[in-house]
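Participant: Anchor point for the sequence shown: position 234 equals 234 in the working numbering, and the numbering is continuous, going up by one each time. Where is the CB? At the ideal position from N, CA and C, for every residue including glycine. Computed from a prediction, not measured in an experiment: that's the story for all the values here. Structure provided below as structure tokens; questions to follow.
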Amino acid sequence: MLRFSLGITDKLDTSAGLPDWMALLEQAEQQSLIGIMFSGIERLPREQRPQDKETLFTWFAAAEMIRQTSKTVSEHTAALFAQMEADGLSCCLLKGQGNALLYPDPAMRTPGDIDVWVTQGGRLDVKGGIDYARQHGDAGEICYHHIDYGQFEGTDVELHFRPTFMHSPFNNRRLQRFFQEQAATQLAHRKEIGGRLLSVPTTAFNSVYQLVHIARHLFQNGIGLRQIVDYYFVLRQGFSEAERTSIVDTWKRCGLLQVAGAMMYVMQHLFRLDDAYLLVAPDERRGRFLLREIMAGGNFGQYDQRVSRFARETAVGRNWQRLVRDWRTAWLFPSESLWEPLFRIWHFFWRHSH
């Protein structure tokens, strides 16, 4: 159904019968794909759509809520950028509504919060970002790469002084250098969102940045299909030979080749992506593991039945669960998995010093 909804196949395979539409709705909600799946339902022949009017209306109402929320988040994003730019900041939108522009119907991508990468005079240091959030927002938790800005007109905002990070200090140093080198190019790349031209990352930048984002959540708490579909549309934009060479070289320098190979397998196996769009050879062993984790955990691992209530709701439980994930991923992705506990200890002291 997902392949059909994305236009990868031109008809729904009904050899095993039609889907249980309410069960599918629950799965789509867990993976934050309701809007995408409903666009597929709209394309189905009448006899294959949900025949129960209440079921169909439930799908329609959920999809319409996503459409309205997407419009609201786009408007809030444009307004937030206007405020920050008036305050002298240069802003680049990460993921979110920028990713939605790559979709056939941008409004059908389930929106999240607003992630803004900000610089001032080419760079905004950590202290500058924290001070701005505390002066202008309802500042919350501080992390190595961002601070919770609070809500802007009802939409959650994260203010990033770094787009993302890696656990290995060696790989992270190279990654942060890549971000600094790319900052000016990303700020100059502008698209219309919410009626205003905003800076959004280029496809080549996203091929690195969003792979790191997916990997980090895989190692920390889990990753869902929404982020994988995002990456599918990133790769579908295509790359020049020079871009391919540069992207793969960056992956090598930042220790991302194993994750990239796993992702290429998922793209090939799940989305049937043509070899022309695959930047490295698919790694079936790691790819199967990644796909199992995606389906088991749902959006950011929120629905992982392997995680107990204790592991979700207590600091000791959350830290123990992270160690369990490290052990589970270490045999396939050793570098980031083995550095994760050390990074977490360092990060504890780093956060308390800020």
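Exposed or buried, Val229, counting other C-beta atoms within 10 Å across all chains shown (16 or more means buried)?
Facilitator: So Val229 counts as buried.
Participant: Between Met84, Tyr103, Leu102, which has its C-alpha nearest Val116's C-alpha?
Facilitator: Met84
Participant: Among the residues of its own chain, which have a CB less than 6 Å from the CB of Leu93, if the five just before and after it don't count?
Facilitator: Leu198, Val200
Participant: Would you mind reading off the limits of the alpha helix (DSSP H) that contains Thr245?
Facilitator: 241-253
Participant: Tell me, which residues are paired with Trp327 by DSSP?
Facilitator: Partner(s): none; Trp327 has no beta bridge.
Participant: Just to confirm, is the Cβ distance from Ala260 to Trp251 under 8 Å?
Facilitator: yes
Participant: With DSSP collapsed to three states, give me the class of His167.
Facilitator: Residue state, collapsed to three classes: coil.
Participant: Please tell me whether Ala204 has its Cβ less than 8 Å away from any Cβ of chain D.
Facilitator: No chain D appears in the structure shown, which is made up of a single protein chain.
Participant: Rounded to the nearest angstrom, what separates Ala311 and Ser90 at their Cα positions?
Facilitator: 39 Å
Participant: Could you say which of Gly317, Phe152, Gly194, His269 lies nearest to Asn221 if we only look at CA atoms?
Facilitator: Distances from the alpha-carbon of Asn221 to those of Gly317, Phe152, Gly194, His269 put Gly317 closest.
Participant: Tell me the DSSP bridge mates of Thr155?
Facilitator: BP columns for Thr155 point to Phe152.
Participant: Thinking Tyr277 and Leu235 are a contact (beta carbons under 8 Å), I'd like their distance in whole angstroms, please.
Facilitator: 5 Å
Participant: In angstroms, rounded to a whole number, what distance separates the CA positions of Glu340 and His167?
Facilitator: 5 Å
Participant: Just verifying my parser: in three-state terms, what is the DSSP assignment at Thr355?
Facilitator: As displayed, the chain neither begins before 1 nor continues past 354, which places residue 355 out of reach and without an answer.
Participant: Identify every residue that forms a DSSP beta bridge with Ser90.
Facilitator: Thr119
Participant: Does the beta-carbon of Ile36 have 16 or more other beta-carbons within 10 angstroms, so that it is buried, or is it exposed?
Facilitator: buried
Participant: Give the single residue among Ile193, Glu42, Ala215, Phe239 whose Cα lies nearest to the Cα of Thr203.
Facilitator: Nearest C-alpha to Thr203: Phe239.
Participant: Taking only runs of the beta strand (DSSP E) that begin and end inside the stretch 48-107, which ones reach a length of at least 3 residues, in chain order?
Facilitator: If we require 3 residues or more, the beta strand (DSSP E) runs fully inside the stretch 48-107 come out as 90-94.
Participant: Could you say if the stretch 97-108 and the stretch 61-74 meet the contact criterion of at least three C-beta pairs nearer than 8 Å?
Facilitator: yes
Participant: List the DSSP bridge partners of Arg196.
Facilitator: Ile193
Participant: Cα separation between Gly122 and Ala183?
Facilitator: Summary for Gly122: the model assigns pLDDT 48, below 50, so the residue's position carries little reliability, and this model does not support an answer.
Participant: Under 8 Å, with one C-beta from each stretch per pair, do the stretch 50-61 and the stretch 17-35 reach the 3-pair mark?
Facilitator: yes
Participant: Is the Cβ-Cβ distance between Leu101 and Gln237 less than 8 Å?
Facilitator: Result no, Cβ atoms of Leu101 and Gln237 do not sit closer than 8 Å.
Participant: Work out the CA separation of Leu342 and Arg351 for me, nearest whole Å.
Facilitator: 14 Å
Participant: Use the C-beta contact count for Gly88: other C-beta atoms within 10 angstroms, 16 or more gives buried, fewer gives exposed.
Facilitator: exposed
Participant: Where does His146 fall in DSSP's three states?
Facilitator: Assignment of His146 by DSSP, reduced to helix, strand and coil, places it in the strand class.
Participant: Mapping the DSSP letters down to three states, classify Ile114 as helix, strand or coil.
Facilitator: strand
Participant: If you follow the alpha helix (DSSP H) that Pro45 is part of, which residue opens it and which one closes it?
Facilitator: Careful: Pro45 lies outside any alpha helix (DSSP H) and carries neither H nor E.
Participant: For Phe300, which residues from the same chain have a beta carbon less than 7 Å from its beta carbon, with the 5 sequence-adjacent residues on both sides left out?
Facilitator: His217, Asn221, Gly222, Ile223, Gly224.
Participant: Output the distance between the C-alpha atoms of Glu313 and Arg325, rounded to the nearest integer angstrom.
Facilitator: 17 Å
Participant: Among residues of its own chain, excluding the 5 on either side of Glu243, which ones have a beta-carbon nearer than 6 Å to its beta-carbon?
Facilitator: Ala204
Participant: Taking the DSSP output, what are the residues bridged to His347?
Facilitator: DSSP output for His347 lists no bridge partner at all.
Participant: Suppose the cutoff is 7 Å on Cβ atoms and the five residues either side in sequence are ignored; what does the same chain contact list for Gly194 look like?
Facilitator: Excluding sequence neighbours, Gly194 sits near Ser74, Glu75, Thr77, Ala78.
Participant: Between the Cα of Pro19 and the Cα atoms of Asn171, Gly7, Ser32, Asp52, which residue gives the shortest distance?
Facilitator: Asp52
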